[in-house]
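K.L.:
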Amino acid sequence: MTSPYHHSLTIREQLCYGCTHCMKKCPTYAIRIEKGHAKVDPSRCIDCGQCMQACPHHAIGVEQTPFELLFSFKQRVAVIPTVFFSQFEDSITNKQVALALYDIGFTHIYFAEIGVDIMKHLGLQNPDSVQKPMISNFCPAIIRLIRTRYPGLCDHLSRLRSPGEIAAIFARAEVNDQYPDHSENGIFYITPCPAKISEFKTEEGNHGRLEGVFDGVLNMDTVFNKVSNSISKNKKRFSSELCAEPELPFTTAGASKWSLINGEKQPNASRRLGIDEIHQVIDFLEYVEEDDDMNIDFLEFKACAEGCTGGILCTRNKFLAKERIQHLASQLPETLPEIVKTRIDKFADFLRANALEPDNMEDHAIKLDEDMETAIHKMEKIRKITSALPGIDCGLCGAPTCSELAHDIAQGGASIRQCTVLRLKDPKELNTLSRIWGEKKVAPESDSQSNVL
């Protein structure tokens, strides 16, 4: 049985005006407007955050691991992508950011991108079963998108864990080695992306791929605010030459740019493409699905524009953030120093044993019906209903497009009477069409899942 997917984005109905901004922006057509509020189909939502970005009323929020959970552990490890350091103004140094991270409660800091260096140093490779073109599994929103809408491409997804997960496994190995009471050691990922929170929450307690990797996922904007407050309160002390140098996380120049579009470098990939922004990714996935003879070795997809610097939980302009990451990269070495290689080699066997994702990928593909014959019948019904609709995609019916309204009618979730254009044009014809295609099946009022993304 497929376990339910946990969604981190939620609609606050008291703030929602049913304005359709989110419905029009959603790349998977997961949102409908019903009774003046946005409602979400959980089976379609990929937690990309496009709706949250589009909402002018701030009616969409995102959950996270409570920051207070940090203090239930004695050793509190932060696995942080370089994009976090890029969120600060240029007047704030990386040293000050690191000091503030320790000040707000973390005891250890690791760059998530050290996972790239670990994979390279240990020569970790994907199994031969991964088909070409291989698709990066770095972006959790893209993974969810492929599993729901393009299940035929699942065999193309990289099987290696993401760099952040590899970094967390390495961090846990080092901290557990130093502090034997493993229950006191907590690993927390700082994410710019609600999809990562959803991924963690879905697999928490379900023996998923992240179980034992992270103990919590914290929103980047929340941690940013806490760090900013700490820097503001301690700026003089943090800037003093007498202040102890913080233990800065380590990574190499190439790895530090992994979260940017075209930042992923793959061995033996002579031809590769990097595509950002979820709508553009969907357009290209349609092309990939149709072309069986694509002469490309590696595809890097990122749901956010410019990569993770465009994440919904980022606070700084994505182009300025990208510039700071590139500046950071220019100050980093091209290769790992021997002391870091020695640290990695100490846990090489453990890292190799946990480098691949588990073989328990669940089927989350969207289907018209479990029965093939019924699904084909519904597909034909959708085609006929679509041809009867005006095709102007006005959204007044509460669906983003005419074809999506046709889909809802075929599934019994809507009525053709919802089409305002047909209702104004010819009420008699509308009555005839409603008799042909049927009325909406009323869902029980107790169904509370519709407002959860």
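As numbered in my numbering, residues 87 to 539 make up the sequence shown, in order. Beta carbons are placed, not taken as given, at the ideal position from N, Cα and C, and that holds for glycine.
What are the uninterrupted segments assigned as alpha helix (DSSP H) that are 4 or more residues long and contained completely in the segment 121-200, given in chain order?
P.N.:
136-140, 168-171, 180-189
K.L.:
Going by DSSP, what residue range makes up the alpha helix (DSSP H) through K388?
P.N.:
Looking at the DSSP string, K388 is not in any alpha helix (DSSP H); the run it does join, the beta strand (DSSP E), is 384-388.
K.L.:
Should D369 be listed as close to the ligand HEM, given that the test is whether its C-beta is under 8 Å from any heavy atom?
P.N.:
With respect to the ligand HEM, the structure offers nothing, as it holds no ligand at all.
K.L.:
If I follow the unbroken beta strand (DSSP E) through D410, where does it start and stop?
P.N.:
In the sequence as displayed, the identity of residue 410 is Arg instead of Asp. Counting along the chain, R410 falls outside any beta strand (DSSP E), though it belongs to the alpha helix (DSSP H) covering 404-416.
K.L.:
Buried or exposed: where does D263 fall if 16 or more other Cβ atoms within 10 Å of its Cβ makes it buried?
P.N.:
Exposed, since its Cβ has fewer than 16 Cβ neighbours within 10 Å.
K.L.:
Please work out which residues of its chain come closer than 8 Å, Cβ to Cβ, to I452, disregarding the five sequence neighbours upstream and downstream, and give them in chain order.
P.N.:
S129, R130, T234, R235
K.L.:
Does the separation of the CB atoms of Q497 and C483 fall below 9 Å?
P.N.:
no
K.L.:
For G615 and A281, what's the separation of their Cα atoms in angstroms?
P.N.:
There is simply no residue 615 to check, as the chain begins at 87 and stops at 539 in what is shown.
K.L.:
Please go through the same chain and pick out, in chain order, the residues whose beta-carbon is closer than 6 Å to the beta-carbon of E149, but skip the five residues on each side of it.
P.N.:
S94
K.L.:
My guess is that I411 and A389 are in contact by the Cβ rule of under 8 Å, so how many angstroms apart are they, rounded?
P.N.:
With a Cβ gap of about 18 Å, I411 and A389 do not count as contacting.
K.L.:
Under 8 Å by Cβ, that's how I've got S345 and G393 pegged, so tell me the actual separation to the nearest angstrom.
P.N.:
For a cut-off of 8 Å, the C-beta gap from S345 to G393 is around 5 Å, short enough to register as a contact.
K.L.:
Roughly how many angstroms lie between the CA atoms of A407 and I204, to the nearest whole one?
P.N.:
25 Å
K.L.:
Could you pull out every unbroken alpha helix (DSSP H) segment of at least 4 residues lying fully inside the segment 270-320, listed in chain order?
P.N.:
280-289
K.L.:
Could you tell me if Q100 is buried or exposed, where buried requires 16 or more neighbouring beta carbons within 10 angstroms of its beta carbon?
P.N.:
exposed
K.L.:
Under 9 Å between the Cβ atoms of E386 and I361?
P.N.:
yes
K.L.:
Report all residues from its chain with a CB closer than 6 Å to the CB of M458; omit the five preceding and five following residues, and keep chain order.
P.N.:
none
K.L.:
Rank C480, T337, S284 by C-alpha distance to the C-alpha of L418 and give the top, closest one.
P.N.:
T337
K.L.:
Going by C-alpha to C-alpha distance, which of E409, E466, T487 sits closest to P476?
P.N.:
When only C-alpha atoms are compared, the closest one is T487.
K.L.:
Could you name the residues of the same chain whose beta carbon sits closer than 7 Å to that of K427, not counting the 5 residues immediately before and after it, in chain order?
P.N.:
H207
K.L.:
Taking Q211 as the reference, which of I252, K181, L246, G397 has the closest Cα?
P.N.:
L246
K.L.:
Buried or exposed, going by whether 16 or more other CB atoms sit within 10 Å of the CB of L510?
P.N.:
Classification for L510: exposed.
K.L.:
Please report the straight-line C-alpha distance between I117 and V169, rounded to a whole angstrom.
P.N.:
30 Å
K.L.:
State the beta-bridge partners of D362 as determined by DSSP.
P.N.:
K388
K.L.:
What residue from F159, I178, P152 has the CA that sits closest to I283's CA?
P.N.:
P152
K.L.:
Using only alpha-carbon positions, find the residue among L508, I471, H450 that is nearest to I495.
P.N.:
I471
K.L.:
Just the C-alpha distance for I382 and L155, rounded to the nearest angstrom, thanks.
P.N.:
Distance between the alpha carbons of I382 and L155: 44 Å.
K.L.:
Run the CB neighbour count on T142, radius 10 Å, all protein chains shown included, and call it buried at 16 or more, exposed below.
P.N.:
According to the sequence shown, residue 142 is Pro rather than Thr. Counting the other CB atoms within 10 Å of its CB gives P142 a total below 16, which places it among the exposed residues.
K.L.:
Mapping DSSP to helix, strand and coil, what is L551?
P.N.:
Here the chain covers residues 87 to 539 and nothing more, so residue 551 does not appear.
K.L.:
Measure the Cβ-Cβ separation of K312 and I190 and say whether it is below 9 Å.
P.N.:
yes
K.L.:
Use the C-beta contact count for D301: other C-beta atoms within 10 angstroms, 16 or more gives buried, fewer gives exposed.
P.N.:
buried
K.L.:
Which residues share a DSSP beta bridge with R118?
P.N.:
In the DSSP output, where bridge partners are listed per residue, R118 has K125.
K.L.:
Pull up the distance between the alpha-carbon of A415 and that of T106, whole angstroms please.
P.N.:
In this structure, the CA atom of A415 is about 41 Å from the CA atom of T106.
K.L.:
Among the candidates G396, G201, S177, whose CA atom is the shortest distance from the CA of I430?
P.N.:
G201
K.L.:
By Cβ distance, which residues of its chain are closer than 6 Å to Y91, with the 5 residues on each side in sequence left out?
P.N.:
T288
K.L.:
Measure from the alpha carbon of G122 to the alpha carbon of each residue in E409, L454, M109, then state which is nearest.
P.N.:
M109
K.L.:
Is it buried or exposed, Y373, if we count other Cβ atoms within 10 angstroms and call 16 or more buried?
P.N.:
exposed
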